[in-house]
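Participant: I am attaching a structure below and will ask some questions about it afterwards.
Chains as they are written, first to last, in the working numbering: chain V, 1 to 112; chain D, 113 to 224.
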């Protein structure tokens, strides 16, 4: 089954702990993105990567880290430095020449 | 001021109604315009993609872009309960690499 797979779907984290969200794609897309969605704020870009072993900060990168060691994978780590991490996290992909992006099903992170 | 403004609603209409969803933007550098539909607790899915000013039709959906007024619209004809979702407008300044700016989203409910 093709597409973008995010895991876990739901995750609970204690304050002070780091957590890693997984994103895997088999669409052979070059670019991958992480967005955060909060009520009343729309989607905000955290990090994006247009090629393996390279990535750039988005608008709200503080408290997050990423890696892009393989074309298919773009994991996001939410660190303890992120002050308000409870949110819906969306991974997305696009071709290198495309203007449209395609989203995974999302991961819900709750800090308890 | 946000670059993209979208009325969050909620918007409630009877089945069969024509729905009009709108976004305004302030930056004339935006060239590519998209509408996404997001069901509750799911990732957004791409509905419509347009580049130039004018109308683009796909089934019951029509996307309209007016670059001179910096205004985009999505019309839904013969609305169905299955159209109940949040609709997000998105736009990009770049020809590739898709760094999108999203509106806040409009929550739509179509009542049977």
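In this text, a Cβ means the ideal position worked out from N, Cα and C, and glycines have one as well.
Mind listing the chain V neighbours of residue 154 of chain D? Cutoff is C-beta to C-beta under 8 Å, in chain order.
Facilitator: By one-based count along the second chain, residue 154 of chain D stands at place 42. Near residue 154 of chain D (Cβ distances below 8 Å), the residues of chain V are 105, 106.
Participant: What is the DSSP secondary structure of residue 195 of chain D, counted as helix, strand or coil?
Facilitator: Numbered from its first residue, the second chain carries residue 195 of chain D at position 83. Looking at residue 195 of chain D - three-state DSSP - the assignment turns out to be helix.
Participant: Assign residue 141 of chain D to one of two classes, buried (16 or more other C-beta atoms within 10 Å of its C-beta) or exposed (fewer than that).
Facilitator: The count along the second chain starts at 1 and reaches residue 141 of chain D at position 29. The residue in question, residue 141 of chain D, is exposed, as its Cβ has fewer than 16 Cβ neighbours within 10 Å.
Participant: List in chain order: all unbroken beta strand (DSSP E) runs of 3+ residues lying wholly within the region 150-201 of chain D.
Facilitator: Correct list: 157-162, 166-170, 173-178, 183-188.
Participant: Between the region 133-165 of chain D and chain B, which residues of the former have a C-beta closer than 9 Å to a C-beta of the latter?
Facilitator: Here the protein chains are V and D, and chain B is not one of them.
Participant: Which residues mark the beginning and the end of the beta strand (DSSP E) in which residue 223 of chain D is found?
Facilitator: Mapped onto the second chain, residue 223 of chain D falls at position 111. First-last of the beta strand (DSSP E) with residue 223 of chain D: 218-223.
Participant: Compute the minimum distance between the beta carbon of residue 52 of chain V and the heavy atoms of the ligand FAD, and state whether it is under 7 Å.
Facilitator: This structure does not include the ligand FAD; it has no bound ligands of any sort.
Participant: Tell me where the beta strand (DSSP E) around residue 30 of chain V begins and ends.
Facilitator: Here the question's residue 30 of chain V lines up with position 30 in the first chain. Here residue 30 of chain V belongs to no beta strand (DSSP E), and DSSP marks it neither H nor E.
Participant: Which bits of chain D does residue 90 of chain V rub up against, with CB to CB less than 9 Å?
Facilitator: For the purposes of this step, residue 90 of chain V is taken as residue 90 along the first chain, with counting starting at 1. The answer, in chain order, is 155, 156.
Participant: With distance defined between alpha-carbon atoms, name the residue in V:76, V:20, V:69 nearest to residue 57 of chain V.
Facilitator: The sequence position of residue 57 of chain V within the first chain is 57, counting from 1. Minimum Cα distance to residue 57 of chain V is reached at V:76.
Participant: Look at the alpha carbon of residue 43 of chain V and the alpha carbon of residue 213 of chain D, and state the distance between them as a whole number of angstroms.
Facilitator: In the first chain, counting from the first residue as 1, residue 43 of chain V sits at position 43. In the second chain, counting from the first residue as 1, residue 213 of chain D sits at position 101. Those two C-alpha atoms are separated by around 8 Å.
Participant: What are the residues in the region 209-224 of chain D lying within 8 Å of chain V by C-beta distance?
Facilitator: Answer in chain order: 209, 210, 211, 212, 214, 215, 216, 217.
Participant: So, for residue 161 of chain D: in the same chain, excluding its five sequence neighbours on each side, which residues have a beta-carbon less than 6 Å away from its beta-carbon?
Facilitator: By one-based count along the second chain, residue 161 of chain D stands at place 49. Taken in chain order, the residues that qualify are 146.
Participant: In chain order, what residues of the same chain have a beta carbon less than 8 Å from the beta carbon of residue 81 of chain V, not counting five sequence neighbours either side?
Facilitator: In the first chain, the residue the question calls residue 81 of chain V occupies position 81. If we look at residue 81 of chain V and ignore the five residues flanking it on each side, its Cβ neighbours are 62, 63.
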